[in-house]
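Residue numbers (the numbering used here), protein chains in the order written: chain P, 1 to 159; chain B, 160 to 318.
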């Protein structure tokens with residue numbers, strides 16, 4: 001294995017281990033639990049779940065892997081703060097979105113060749129990328145793993 | 160830049176950006192804030208700060224970079240849950256440990272050559288490492304960045 005292959009493996013191992021921990025965490029939270037705030041006056045579990053799905057959906061765009069699966073989640077879960085939107089999807093619905101999305105993302109990630117992960121993502125221009133080659137597709141996986149962990153540290157408080 | 164160099168840069172960028180966010184977060188929390196629980200019945204801020212320092216101290220051992228700076232934090236902040244130990248260090252003291260430790264870690268990390276990050280860490284045997292070359296020093300940075308983000312998602316609730 002080359003150091004590049006090892007680097008790819010480490011990044012994806014961390015992503016998939018984080019997704020798996022989040023799955024386990026969601027299995028241990030009831031729909032009722034998800035309606036609660038993670039701490040008094042803070043975001044509710046359901047908002048964080050919708051937020052994660054919306055952010056992961058945007059990875060498809062950044063990685064040039066097709067259209068978003070749930071574009072309707074952008075408005076309530078990224079553009080709006082929690083409690084600003086009255087009618088949110090049901091927890092059961094978001095859970096099925098999450099499960100389906102994880103499978104679709106895995107399939108699409110698996111379709112890229114190792115070298116493609118070092119190509120630029122769609123939010124960086126060719127000029128900027130020439131100077132900053134770390135703004136590549138793999139970096140999207142790295143930063144979204146951080147983001148997922150951050151919110152998992154919050155969702156776990158609902159247990 | 161080779162893909163290996165780019166991978167190293169991405170991993171360390173994520174680590175240092177996380178450390179910087181945590182610095183900013185700590186600057187925005189008073190010592191009194193740190194005495195509070197992140198959510199009712201959950202860990203206090205001071206416990207999480209001590210826990211992060213203790214976990215980062217252990218990186219020195221795993222990376223074979225010398226002795227721990229604050230070995231006395233292992234018992235109260237890793238082996239014991241919050242509120243099990245009556246006498247914890249003062250928040251002001253932990254803050255100065257944190258700042259000093261971040262500097263020391265940076266210095267020691269900078270002393271390693273790129274290829275050394277792909278050598279095995281001290282918790283994996285040579286036999287296992289031959290089969291699992293991703294269990295290297297760089298992976299320690301990756302997993303501890305996840306850990307830091309997870310607890311930052313909690314510390315931010317004290318604001």
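Cβ atoms here follow ideal geometry from the backbone N, Cα and C, with glycine treated the same way.
Chain B residues whose Cβ lies nearer than 8 Å to that of residue i
| i | result |
| --- | --- |
| residue 38 of chain P | 198, 316 |
| residue 18 of chain P | 305 |
| residue 81 of chain P | Simply none; closest approach about 14 Å. |
| residue 143 of chain P | 173 |
| residue 101 of chain P | Per Cβ cutoff of 8 Å: no residues; residue 101 of chain P is ~20 Å from chain B at best. |
CB contact below 9 Å: residue i versus chain P
| i | result |
| --- | --- |
| residue 172 of chain B | yes |
| residue 234 of chain B | no |
| residue 246 of chain B | no |
| residue 229 of chain B | no |
| residue 274 of chain B | yes |
| residue 298 of chain B | yes |
Within 9 Å, strictly: CB atoms of residue i and residue j
| i | j | result |
| --- | --- | --- |
| residue 169 of chain B | residue 151 of chain P | no |
| residue 123 of chain P | residue 62 of chain P | yes |
| residue 157 of chain P | residue 38 of chain P | yes |
| residue 69 of chain P | residue 97 of chain P | yes |
| residue 60 of chain P | residue 26 of chain P | no |
| residue 212 of chain B | residue 253 of chain B | yes |
| residue 304 of chain B | residue 173 of chain B | yes |
Candidates the options: closest to residue i by CA position
| i | options | result |
| --- | --- | --- |
| residue 193 of chain B | B:208, B:199, B:269, B:180 | B:208 |
| residue 237 of chain B | B:253, B:214, B:226 | B:214 |
| residue 90 of chain P | P:46, P:118, P:110 | P:46 |
| residue 314 of chain B | B:276, B:160, B:202 | B:202 |
| residue 182 of chain P | B:307, B:191, B:295, B:272 | The shown model of chain P, from 1 to 159, leaves out residue 182 of chain P, and the question about it has no answer. |
| residue 210 of chain B | B:234, B:191, B:200 | B:234 |
Minimum Cβ-Cβ distance from residue i to chain B less than 9 Å
| i | result |
| --- | --- |
| residue 59 of chain P | no |
| residue 136 of chain P | yes |
| residue 153 of chain P | yes |
| residue 46 of chain P | no |
| residue 122 of chain P | no |
| residue 33 of chain P | no |
| residue 149 of chain P | yes |
Residue i: contacting residues in chain P (beta-carbon distance under 9 Å)
| i | result |
| --- | --- |
| residue 277 of chain B | 3, 6, 7 |
Within chain P, the residues that residue i reaches when beta carbons sit closer than 7 Å
| i | result |
| --- | --- |
| residue 201 of chain B | 157 |
Ordered list of beta strand (DSSP E) runs contained in the region 115 to 154 of chain P, each at least 3 residues: none
Starting from the N-terminal side, write out each stretch of the alpha helix (DSSP H) that is 4 residues or longer and does not extend beyond the region 29 to 64 of chain P. 31 to 34, 45 to 62
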